[in-house]
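Heads up: the structure comes next, in structure tokens.
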């Protein structure tokens, strides 16, 4: 019960953190790739996009693996694949295709430098396929690569479950997968689907979730002091890593950066589990708000890049470029996030009402 409630509460928070990665005015890579001056501006931009923004995917993947075992035991493998195809592949197709039609294709038609890794304009069948299904490319709607990798995890679910049940293999497999995550290796053995991932840390976290289920571990921390300690440690570790990211050039210290990135993700999972444990334990206004937002969180994930893109265009047409650390930057970020959340609520509500109307109409028709 605690785990279920905690997952429901933390889901929208993780999606909001993930969305930080797609705020275009925050350029962290120029600061990471070349040693920059350590000031608050540089540090905060790197902290938001290189640390906080990365904390959503690992825990969401772990939760998916944890729950996948229950789903497999309840429905069986082929029914799981069908259910997850509706949940993951169908949205992957439609929300990438819509993004291509509304954003990527028109932008490439006027500026070929937009997403040069995707051959969208002029029309290229393979380019559109890759942009739609995340086939060896980050898709047009960039955050949706997560759906492709997550469905790949479900394709491998029986194998992952089989290995997880062999206790003496667990430590070896976890260490092997962690090594692949650290050094950004993307495949189990061969670079072919379904052994290949855009982000290997997704299947690593998914497998860890499976292990936690078999070890009968709750995704909830009962010890209040431990929860608080881990919740504090997460931003502290991320903040210290951000200092290093700013003052050192990544190309010159690549291995150090790879290890630091893995450590940040590891503590982000622990920290977010601690945070969701605290939220559920103390049912505050924030907890109630997150609980209310939870049904809309998946729609927010699917649509936030649309909202960000069109909000940015409208803002730039009406105002000058915002100063991130000035009032205009604060207004810009809050307004953009609020717009994305409101749009997701409106779309989910409209869709639910449409489904109810169609279902009621179908039932009312004579047989």
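In our numbering, the protein residues as written are 14 to 380. Using N, Cα and C, we set each Cβ at its ideal position, and we do this for glycine too. Nothing here was measured: the structure is a model prediction, and the numbers come from that model.
Reduced DSSP secondary structure (H/G/I, E/B, other) of residue i
i, result
"residue 228", "coil"
"residue 273", "helix"
"residue 151", "coil"
"residue 197", "coil"
"residue 267", "helix"
"residue 339", "coil"
"residue 262", "coil"
"residue 354", "helix"
"residue 372", "helix"
"residue 128", "coil"
"residue 186", "helix"
"residue 333", "coil"
"residue 116", "helix"
"residue 179", "coil"
"residue 39", "coil"
Within 8 Å, strictly: CB atoms of residue i and residue j
i, j, result
"residue 122", "residue 134", "yes"
"residue 158", "residue 211", "yes"
"residue 23", "residue 288", "yes"
"residue 59", "residue 258", "yes"
"residue 275", "residue 54", "no"
"residue 215", "residue 244", "no"
"residue 116", "residue 322", "yes"
"residue 281", "residue 56", "no"
"residue 232", "residue 16", "yes"
"residue 227", "residue 298", "no"
"residue 167", "residue 93", "yes"
"residue 350", "residue 20", "no"
Bounding residues of the alpha helix (DSSP H) (the contiguous stretch that carries residue i)
i, result
"residue 163", "158–168"
"residue 15", "15–32"
"residue 144", "138–146"
"residue 134", "Taken as a continuous stretch (DSSP letters only), residue 134 belongs to no alpha helix (DSSP H), as it is neither H nor E."
"residue 91", "90–97"
Contact test: residue i Cβ vs the ligand PLP heavy atom, cutoff 7 Å
i, result
"residue 196", "Questions concerning the ligand PLP fall outside what the structure shown contains, since it holds no ligand whatsoever."
- request: For the stretch 201–255, list the beta strand (DSSP E) runs that are entirely contained and at least 3 residues long, ordered along the chain.
  value: Entirely contained in the stretch 201–255, not one beta strand (DSSP E) run reaches 3 residues.
query: Would you call the stretch 205–222 and the stretch 74–83 touching, i.e. three or more CB-CB distances under 8 Å?
result: With contact defined as three or more Cβ pairs closer than 8 Å, the stretch 205–222 and the stretch 74–83 are in contact.
query: Taking three-plus beta-carbon pairs below 8 Å as touching, is the stretch 198–207 in contact with the stretch 246–258?
result: Verdict: no, contact absent.
task: Please specify which runs of the alpha helix (DSSP H), each continuous and at least 4 residues long, are wholly inside the stretch 282–323, giving them in chain order.
output: As summarised for the stretch 282–323, the continuous alpha helix (DSSP H) elements at least 4 residues long and confined to that stretch are 298–306, given in chain order.
message: For the pair the stretch 192–200 and the stretch 89–109, tell me if three or more CB-CB distances fall below 8 Å.
response: Proximity of the stretch 192–200 to the stretch 89–109 falls short of the contact definition, fewer than three beta-carbon pairs being nearer than 8 Å.
- request: At 4 residues or longer, and completely inside the stretch 43–85: list those alpha helix (DSSP H) runs for me, N to C.
  value: DSSP runs (the alpha helix (DSSP H)) wholly in the stretch 43–85: 53–59.
message: Across the stretch 312–327 and the stretch 339–358, are there enough close Cβ pairs to call them in contact, namely three or more that are closer than 8 Å?
response: These segments touch.
task: Taking 8 Å as the threshold, find out whether the stretch 24–42 comes into contact with the stretch 299–310 through three or more Cβ pairs.
output: Yes, since at least three Cβ pairs between the stretch 24–42 and the stretch 299–310 fall closer than 8 Å, the two stretches touch.
query: Using 8 Å as the threshold, is the stretch 30–44 in touch with the stretch 147–157, meaning 3 or more CB pairs across them?
result: Because the criterion of three Cβ pairs below 8 Å is met, the stretch 30–44 and the stretch 147–157 touch.
task: Could you tell me whether the stretch 61–75 touches the stretch 124–133, using the rule of 3 or more Cβ pairs below 8 Å?
output: No: fewer than three Cβ pairs fall under 8 Å.
query: Do three or more CB pairs link the stretch 84–101 to the stretch 162–173 at distances below 8 Å?
result: These segments touch.
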